[in-house]
Amino acid sequence: MYVAQQHAMDRAAALGFAGSIGVGQLVSVGAGGLNATYLPFNIVECGSKVVAQFHLNRVNPQWRDAGEAMLIVQGPSAHVSGLDLPAERPGAKLPTVPTLNYVTVHLRGSLSIHDDTAWKQAHLTALVEHFEREWRVGQHTSYELVHAAFAAMVGVELEVAEVIGKAKLSQNLSAEGIAETARHLRERDESACPVADLMEEIAIPWAKEREGRVEGARKLPIAWDKKEDPRRYVVDYGWLWEEPPHNDGTPAVLRLVLTDGAETKARAAAEEWLAGLPQDGGMPGRGGWAVKGGVVECEHAGAVGLDLVSAGEDVADGISAAAEDAFANLIASTDLGVRWEQLPREESHK
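If you read the sequence shown in the UniProt record's numbering, its first letter stands for residue 1, the second for the next number, and so on.
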């Protein structure tokens, strides 16, 4: 499942959310292809090992499936009308359009079978205690009848190898915009209240933290050693201000470098940011900048870059306010190493 950085849930939160829902779609592959069953489950943690336990009717052939499987747990979802969103601001680069907010968790792992009475009884007892407040085996039905039904079911366990949680809750908006949208959702549709609650619980704190990092990033100074290389400067976790190293009419090329030690993660972040730009890649403003090509390889391992070419005559033409916002948000929202580099003169002419 694709998960943008701002929508990612940590493992503990995703497991807790899945366990609180307790119902999901088990997807596996059998001799005839894909199989799926919607069923209740309970999560059991034994040290570092996590399993999801459920049962299938013996006539359901899915219990015979072996190998990799996935349990899809769907939380609350709500259509967000364009009328729920903050008004589109003058000069906006992207349209304000309806969307879907939701929370979902995928548990991936391998299946095993349990056909013994003790396992089935412990599993069903846990399910009853999760979903029922008062009804209990022994009080409202007999153990004998329940045990007789065990022959018709097969216990199945998914040993969880990967937990992927996604909470898409309008994190692209400001904290104020998320609060406004959540309020409109409540007023328009009572069934959307669970999503509005999650927006306030998850998305608003995330947006406030991001806004704080953006503000901090804007205030960091440039790290530029003119003696070492007058044509090159670097900003670590910071911001590029207008301090041109040369002013001879040569179009400047700047490279935004993302590093992680694992190139796939850095590349994914760069491609995601690049996809959010206008289709022509342009960022109009004072002089303006445009993306030159796509994601590029860097010399050091685990790093990729985005090359930007000034539309004006030199670096002093500056970066547009729209580009500043885009870059500041990228720097603030990623946990990757981020820095600016001005390419040497010879690379600028390529």
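We put the beta carbon where it would ideally sit given N, CA and C, even for glycine.
From a predicted model like this one, the values you see are computed outputs, not experimental measurements.
Simplified DSSP assignment, three categories, for Arg58: The sequence position of residue 58 within the sequence shown is 58, counting from 1. In the structure shown, Arg58 sits in coil (DSSP, three-state: anything other than H, G, I, E or B).
Candidates Gly16, Glu271, Gln62 and Ala175: which alpha carbon is nearest Val27's? Here residue 27 refers to the residue found at position 27 when the sequence shown is read from its first residue. Nearest Cα to Val27 within the set Gly16, Glu271, Gln62 and Ala175: Gln62.
Look up His79 in the DSSP assignment and give the residues it is bridged to. In the sequence shown, residue 79 corresponds to position 79, counting from 1. Looking at the DSSP assignment, His79 forms a beta bridge with Leu100.
N-terminal and C-terminal residue of the alpha helix (DSSP H) that Pro194 is part of: As a working mapping, residue 194 is identified with position 194 in the sequence shown. From DSSP, the alpha helix (DSSP H) with Pro194 extends over Cys193 to Leu198.
Does the beta-carbon of residue 353 have 16 or more other beta-carbons within 10 angstroms, so that it is buried, or is it exposed? Absent from the structure is residue 353, since the part of the chain shown begins at 1 and ends at 350.
Please list, in chain order, all residues of the same chain as His106 whose beta carbon is under 7 angstroms from its beta carbon, the five residues on each side excluded. Walking along the sequence shown from the start, residue 106 turns up at place 106. Counting only Cβ-Cβ distances below 7 angstroms, and skipping sequence neighbours, we find Met1, Met70, Ile72 and Ile164.
Once you ignore the five residues that flank Glu180 on each side, which residues in its own chain have a CB closer than 6 angstroms to its CB? Position 180 of the sequence shown, counting from 1, holds the residue named residue 180. Around Glu180: Pro86.
Give a yes or no on contact between the segment 203-211 and the segment 168-176, applying the rule of three or more CB pairs nearer than 8 angstroms. A contact between stretches requires three or more CB pairs, one per stretch, nearer than 8 angstroms, and the segment 203-211 meets this requirement with the segment 168-176.
Assuming contact is defined by CB atoms lying nearer than 8 angstroms, are His130 and Gln53 in contact in what I supplied? On the sequence shown, position 130 is the one that residue 130 refers to. On the sequence shown, position 53 is the one that residue 53 refers to. It is not a contact, given that the beta carbons lie outside the stated cut-off.
Report yes if the CB atom of Met199 is closer than 8 angstroms to the CB atom of Asn101, and no otherwise. The residue given as residue 199 occupies position 199 in the sequence shown. The residue given as residue 101 occupies position 101 in the sequence shown. Annotated as proximal: Met199 and Asn101, with beta-carbon spacing under 8 angstroms.
Work out the CA separation of Val295 and Val23 for me, nearest whole Å. Position 23 of the sequence shown, counted from the start, is the residue given in the question as residue 23. Position 295 of the sequence shown, counted from the start, is the residue given in the question as residue 295. Answer to the nearest angstrom: the Cα atoms are 41 angstroms apart.
Indicate whether Arg108 and Glu68 have their beta-carbon atoms separated by less than 8 angstroms. Taking the sequence shown and counting its residues from 1, the one referred to as residue 108 is at position 108. Taking the sequence shown and counting its residues from 1, the one referred to as residue 68 is at position 68. Taking 8 angstroms as the Cβ cut-off, Arg108 and Glu68 qualify as a contacting pair.
Minimum C-alpha distance to Val50 - residue among Leu39, Gly82, Gly19 and Ala78: Position 50 of the sequence shown, counting from 1, holds the residue named residue 50. Of the candidates Leu39, Gly82, Gly19 and Ala78, the residue whose Cα lies closest to the Cα of Val50 is Gly19.
Any idea which residues DSSP pairs residue 362 with across the strands? The question about residue 362 has no answer, for the chain in this structure spans 1 to 350.
Do you know whose CA, among Ala78, Ala13 and Asn57, lies nearest Asp189's CA? Mapped onto the sequence shown, residue 189 falls at position 189. For the residues Ala78, Ala13 and Asn57, the minimum Cα distance to Asp189 belongs to Ala78.
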